[in-house]
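First to last, the sequence lines map onto chains B and C.
Sequential numbering from 1 applies to the first sequence in the UniProt record's numbering.
Sequential numbering from 1 applies to the second sequence in the UniProt record's numbering.
Just so you know, even glycine gets a beta-carbon here, dropped at the ideal spot from N, CA and C.
Worksheet: one structure, shown below.
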Amino acid sequence: MAVTTATGPAPAAGVWGSIWQGITRSTSGFIGLCLVLSVLLFSFVGPLLIDNHNPTDVSRIWGPMSSEHWLGTNHEGKDTLTQLILGGREPIMVGLMAALITVAIAVTLGAIAGYVRGRVDHFLLQLTDITMTIPFIVLMLVIASFYRTSSPMVVSFIIGLVTWPYLMRSIRAQVLTLKEREFIEAARLQDLGTTRILCVEVLPNMAGYIFINFIIAITNAIYAVVGMYLLGLLPSTADNWGLMIQQAWDNNAFLLPQAAPFLVAPMVMIMLFQIGLVTMTRSLEQALNPRLRDR
Amino acid sequence: MATEIAASPPPDTGGSGPAAPRKNNPLLNRIWRNYVFVKVRKAFVVVFVVANVTFFLGRAMPGDPIDVMAGRLTQGGMSMNEARAIAMNSLAYDPEASLLRQWWEFLVGLATLDLGNTINRPAFSVTEAIGAYLPWTLFSIGAGTLIAIVLGLALGMVMAYRRNQFLDHVLSVVASVLGAVPNYLIAMLLVVVGGMYLGWFNPIELRGTLSPGVQPGFTLTFIGDAFYHAALPIFTYVLAIIGTWMLVMKASTTEVLGEDYVTVARARGLRDSRIATAYVGRNAVLPLVAQIAISFGTLVGGAIFVEQVLVYKGVGGLLLDAVNYRDYPLLQGLLIIITSCVVIANLAADLLYSRLDPRIRK
Chain B
1 MAVTTATGPA PAAGVWGSIW QGITRSTSGF IGLCLVLSVL LFSFVGPLLI
51 DNHNPTDVSR IWGPMSSEHW LGTNHEGKDT LTQLILGGRE PIMVGLMAAL
101 ITVAIAVTLG AIAGYVRGRV DHFLLQLTDI TMTIPFIVLM LVIASFYRTS
151 SPMVVSFIIG LVTWPYLMRS IRAQVLTLKE REFIEAARLQ DLGTTRILCV
201 EVLPNMAGYI FINFIIAITN AIYAVVGMYL LGLLPSTADN WGLMIQQAWD
251 NNAFLLPQAA PFLVAPMVMI MLFQIGLVTM TRSLEQALNP RLRDR
Chain C
1 MATEIAASPP PDTGGSGPAA PRKNNPLLNR IWRNYVFVKV RKAFVVVFVV
51 ANVTFFLGRA MPGDPIDVMA GRLTQGGMSM NEARAIAMNS LAYDPEASLL
101 RQWWEFLVGL ATLDLGNTIN RPAFSVTEAI GAYLPWTLFS IGAGTLIAIV
151 LGLALGMVMA YRRNQFLDHV LSVVASVLGA VPNYLIAMLL VVVGGMYLGW
201 FNPIELRGTL SPGVQPGFTL TFIGDAFYHA ALPIFTYVLA IIGTWMLVMK
251 ASTTEVLGED YVTVARARGL RDSRIATAYV GRNAVLPLVA QIAISFGTLV
301 GGAIFVEQVL VYKGVGGLLL DAVNYRDYPL LQGLLIIITS CVVIANLAAD
351 LLYSRLDPRI RK
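So this is what it looks like as structure tokens:
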């Protein structure tokens, strides 16, 4: 990884460069990136290109696939394709937000615990142990029903609040090893202050690692949001892939052949996005971790 | 919480040199610092804290059991006062009791291992309710995990031996895809593809844990029926977790294959099968023992989705009910039991690990 100097931007640029290189170097990584980008285009640019008006129409419940309705219509007679295009924004945004929160908490606590040590470290580790032990889905379930009428923001906050422990532990471990290196020692001798040393010297060295974990956190968060929709724990308002799956499943769509597009289409979108993200991180991991690369 | 942590001496941070006898009894001191004891003590602290967090988390939710039931009754056209009166009579919950009093009763119950009765079905104790559902979840998850780990470790080893060959590439893609797809979507795909399009089974008939009329007991009918109904969940868990294990085992095996002792073993002319089992396999699996236990924790959570999708009557549905009806004792009981399962699994892994690899006991 990039050699650290006291100036901030130089190592950061190196990290982004090697991230880009890592993704494009391997075929599977590149395919993953393409998958992710196309799902993002579909759900963020798509809504700008189509007619967002999607009325219920009782005369065409579970309509077949046709030139007018490419993916047929659903149990309310709404056009499935329109719903599919409009339904990606929310789960993806929630995933992104939740991942940001997870990473922020994990990095902050991990850096503090690893760098400061002592009582603080001990307390944070115990807290991590406890949060890690409660299955996070269970915890999320309880908190989610606590805020029944929750907005996407609240949902992402809840997910972020319960999924940080694993990352925190590995960040802490990395800080522990980085701390012993000469340049950190030098910075400490110059009395630069803990916050500065952590932000300028320590964290940029882990940027690639943090980025990978950010992507993994997105997949976990999307898994969780869609799962919560499936359990009916989130308000059924906007168009949303998770909600589509839940509606399809609750209406026993798997028993009706003509309902297949409505059930399968959102599932496929979510799977494509998740598979894309995961393959992307796999090759990134190999590119950024020289130990894996050489074998 | 803070006081408890402050009270316990840091067990591993000051691990350099022999345990410095502090003030009193050196024997007690040694027991206090004993590896096994430290682990067990920490496990207890975790369960205790989780239990208390659950208690307050539950009470912090808006609406109590009476509200929930009254709300349902008023939907049937009853007046609010009437509905509340009926709810008060049929539920074992006193909304007037102070939080402190409830907490005290909860702590006493915890100390005497009495989890109380459920609120919504006052005749049933929490232990009975959980006892009726938990075995099914443990059974399906246990079988799924076992199959997935055994298969995953074997396939991972094959992949490492055939590194960069066609088989490795194919299996890597399969493992990545399986690892990326959420378990509940795998369950749905199984039902849609296997049940509807290929017609291999009837998903409706497979619902539940047992066919009507089948009595639990040590009979062939019972065991066969239990496996029949658990087949879909088990298969889902296998598909959902095998990918991770294949990749982890591949990485671990690859690492071991590069070690000097493997080269030496080869140079000594040992048979390949012996190298693969006694040298490579053993050392590749060792670092994964802890992960097996940790994966157990996430699995229990994931089971909630899978059980809901496949209508398998395990602990997942019970938990959802407990949350929805604000059945505090049941919710607490479930969380304590689930957490204890995870803690015990972790503890077992730690202890097993320390036996397998004495270096970590320090």
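- [ ] Determine the contact status of THR54 of chain C and LEU330 of chain C, defining contact as a CB-CB distance below 8 Å.
- [x] no
Task: Buried or exposed by the 16-neighbour rule on C-beta atoms within 10 Å, applied to CYS34 of chain B - done: exposed
- [ ] Scan the region 180 to 204 of chain C for residues whose Cβ lies nearer than 9 Å to a Cβ of chain B and list them as they occur along the chain.
- [x] ALA180, VAL181, PRO182, ASN183, TYR184, LEU185, MET188, LEU189, VAL191, VAL192, GLY195, MET196, TYR197, PRO203 and ILE204
Task: ARG274 of chain C versus LEU220 of chain C - alpha carbon distance - done: 39 Å
Task: ARG282 of chain B to ILE212 of chain B span [Cα, whole Å] - done: 9 Å
TODO: Measuring only between beta-carbons, confirm whether TRP16 of chain B sits less than 8 Å from chain C.
DONE: no
TODO: Compare the beta carbon distance of ILE223 of chain C and ALA143 of chain C with 8 Å and say whether it is the shorter of the two.
DONE: The Cβ-Cβ distance between ILE223 of chain C and ALA143 of chain C does not fall below 8 Å.
Task: Beta carbon proximity, GLN83 of chain B to chain C, threshold 8 Å - done: For GLN83 of chain B, no Cβ of chain C is located within less than 8 Å of the residue's own Cβ.
- [ ] Using 10 angstroms around the beta-carbon of THR195 of chain B, count the other beta-carbons present and answer buried if the total reaches 16, otherwise exposed.
- [x] exposed
TODO: Give a yes or no on whether the minimum CB-CB distance between SER176 of chain C and chain B is below 8 Å.
DONE: yes
Task: 8 Å Cβ cutoff, MET61 of chain C in contact with chain B - done: yes
Task: Alpha-carbon to alpha-carbon, SER354 of chain C and PRO21 of chain C - done: Because the pLDDT at PRO21 of chain C is just 47, under 50, the model does not fix this residue reliably, and the point stays unresolved.
- [ ] Measure the C-alpha to C-alpha separation of VAL50 of chain C and PHE44 of chain C and round it to an integer number of angstroms.
- [x] 10 Å
- [ ] Name, please, each residue of chain B whose Cβ falls closer than 8 Å to the Cβ of PHE305 of chain C.
- [x] Correct list: ILE137, GLY227, LEU230 and LEU231.
Task: Residues near TYR325 of chain C by beta carbon distance below 8 Å, same chain, minus five either side - done: Once the five neighbours on either side are set aside, the close Cβ partners of TYR325 of chain C are PRO65, VAL68, MET69, ILE119 and ASN120.
Task: Outcome for ALA186 of chain B when other beta-carbon atoms lying within 10 angstroms are tallied against a minimum of 16 - done: exposed
Task: Beta-bridge partners of THR73 of chain B, as assigned by DSSP - done: B:ASP79
- [ ] From the DSSP output, in three-state form, read off ASN324 of chain C for me.
- [x] Residue state, collapsed to three classes: helix.
- [ ] At 8 Å on the CB atoms, spell out the chain B contacts of LEU320 of chain C, in chain order.
- [x] By Cβ distance, chain B contributes LEU141 and LEU231.
- [ ] Would you kindly work out how many angstroms separate the C-alpha atoms of LEU284 of chain B and ALA113 of chain B, rounded to a whole number?
- [x] 27 Å
Task: Closer than 8 Å to chain A by CB, THR27 of chain B - done: Within the model displayed, chain A is absent; protein chains B and C are what it includes.
Open item on the list: By alpha-carbon positions, which one of C:VAL309, C:LEU351, C:PHE37 and C:LEU28 ends up nearest to TYR184 of chain C?
Closed with: C:VAL309
- [ ] Compute the distance between the beta-carbons of residue 299 of chain B and THR219 of chain B, then report whether it is under 8 Å.
- [x] With chain B running from 1 to 295 in the structure shown, residue 299 of chain B is simply not present.
- [ ] Examine chain C for any beta-carbon lying closer than 8 Å to the beta-carbon of ARG282 of chain B, and answer yes or no.
- [x] yes
Task: Presumed contact (8 Å Cβ cut-off) between GLY232 of chain B and ILE137 of chain B, rounded CB distance - done: Not quite, the Cβ-Cβ distance comes to about 15 Å (not below 8 Å), so this is no contact.
- [ ] Output the distance between the C-alpha atoms of SER43 of chain B and GLY87 of chain B, rounded to the nearest integer angstrom.
- [x] 7 Å
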